[in-house]
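K.L.:
Numbering (this note's numbering), first residue to last: 15 to 331. Okay, here's the structure, questions in a sec.
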């Protein structure tokens, strides 16, 4: 009995069945071409956009590009895309299905892809049966991303502004309290400015003694000096604390205004390096690949069948 794996035997079998194999191959090509046509498989087009994140700050150890992907893949943006483009109907999802939301998200994840390139840019690919819809979906994703980042940053800066506003209110209360204490010392003890008064009182006292001023004038000067000695230290501390609080108040006021400005400032948070456009050539299905794979698979199965038949004949003989 001949070995079915003998090369010459294999070639003889193929030659013997060549007409059948050619017919099977031709049928496979024709059928694959037919069943991969638009009549059976809806052609789909891919639209691509590439962009870099700009004017953003990271909230963790992840890079700006990774953060951009996370936002693009967020449920908020997915839901907006599903609603904006009516993807439940577009993907032919039965809304009566209790799991229709899960199904439409799975379809969305299948046809919408956001990934980081080796150059740290973000590539967005959207596949759809309508090339204009695919291009519009990429544009909308970029727009929704900018809006989402604006909302996040606006909320962050508004919270910061509220914190500065509360701190500013407390600081103003402290300043009012210090002002009241200092006003009391001014009224009761005639204290105005510790450093200036000490210098002027000392000079005035020495001058009065040297020039033989009236005793009444000297006593008035001595009264001021006694008041400075009694309450001057306290007044000086209040004066320094007030100046420090005024500086803090000015800083808080400035940061409060900056936070409010940042919360309402509209800027772009992405730089588009490749704008999407409607594709003029379908990306799916790849008919030549379907035909080629179908031909290989069919011929392989046909050869297996032929060799099985030949083996049965050899066994009988």
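Even glycine gets a Cβ: it sits at the ideal position worked out from N, Cα and C. Computed from a prediction, not measured in an experiment: that's the story for all the values here.
1. Residue 130 and residue 83 - do their beta-carbons sit closer together than 9 Å?
2. Ends of the beta strand (DSSP E) at residue 142?
3. Our contact map puts residue 284 next to residue 156 with C-beta atoms below 8 Å; I'd like the distance itself, whole angstroms only.
4. Please state whether DSSP places residue 60 in a helix, a strand or coil.
5. Considering only residues of the segment 111 to 187, which uninterrupted beta strand (DSSP E) runs meet the minimum length of 3 residues and lie entirely inside it, listed in chain order?
6. Figure out for me which residue from 29, 289, 160 has the closest Cα to the Cα of residue 61.
7. Any contact between the segment 152 to 166 and the segment 87 to 96? By contact I mean 3 or more CB pairs, one from each, below 8 Å.
8. Grouping DSSP H, G and I as helix and E and B as strand, with all else coil, what is residue 282?
9. For the segment 34 to 41 and the segment 303 to 315, state whether three or more C-beta atom pairs, one from each stretch, are separated by less than 8 Å.
10. Residue range of the alpha helix (DSSP H) that residue 324 falls in?
11. Less than 8 Å between C-beta atoms, sequence neighbours within five positions excluded: which residues of the same chain meet that for residue 95?
12. What does the Cβ neighbour count give for residue 292, buried or exposed, with the cut at 16 atoms within 10 Å?
13. By Cβ distance below 7 Å, which residues in the same chain neighbour residue 98 in space, the five residues on each side in sequence not counted?
14. Between the C-alpha atoms of residue 184 and residue 177, what's the straight-line distance to the nearest angstrom?
P.N.:
Checking against the coordinates, here is how it stands:
1. Yes, the Cβ-Cβ distance between residue 83 and residue 130 is below 9 Å.
2. Counting along the chain, the beta strand (DSSP E) containing residue 142 begins and ends at 136 to 142.
3. Residue 284 to residue 156, Cβ: 6 Å. Contact.
4. The answer is strand: DSSP assigns residue 60 an E or B state.
5. Correct list: 126 to 130, 136 to 142.
6. Relative to the Cα of residue 61, the nearest Cα in the group 29, 289, 160 belongs to 289.
7. Contact between the segment 152 to 166 and the segment 87 to 96 is present, because at least three Cβ pairs lie under 8 Å.
8. Three-state DSSP puts residue 282 in coil, outside helix and strand.
9. When C-beta atoms of the segment 34 to 41 are compared with those of the segment 303 to 315, three or more pairs fall below 8 Å, so the two segments count as touching.
10. 301 to 330 is the extent of the alpha helix (DSSP H) around residue 324.
11. Around residue 95: 101, 122, 126, 151, 154, 155, 158.
12. Classification for residue 292: exposed.
13. Excluding residues up to 5 positions away in sequence, 154 lie with their Cβ nearer than 7 Å to the Cβ of residue 98 in the same chain.
14. Rounded to whole angstroms, residue 184 to residue 177 spans 11 Å at the Cα level.
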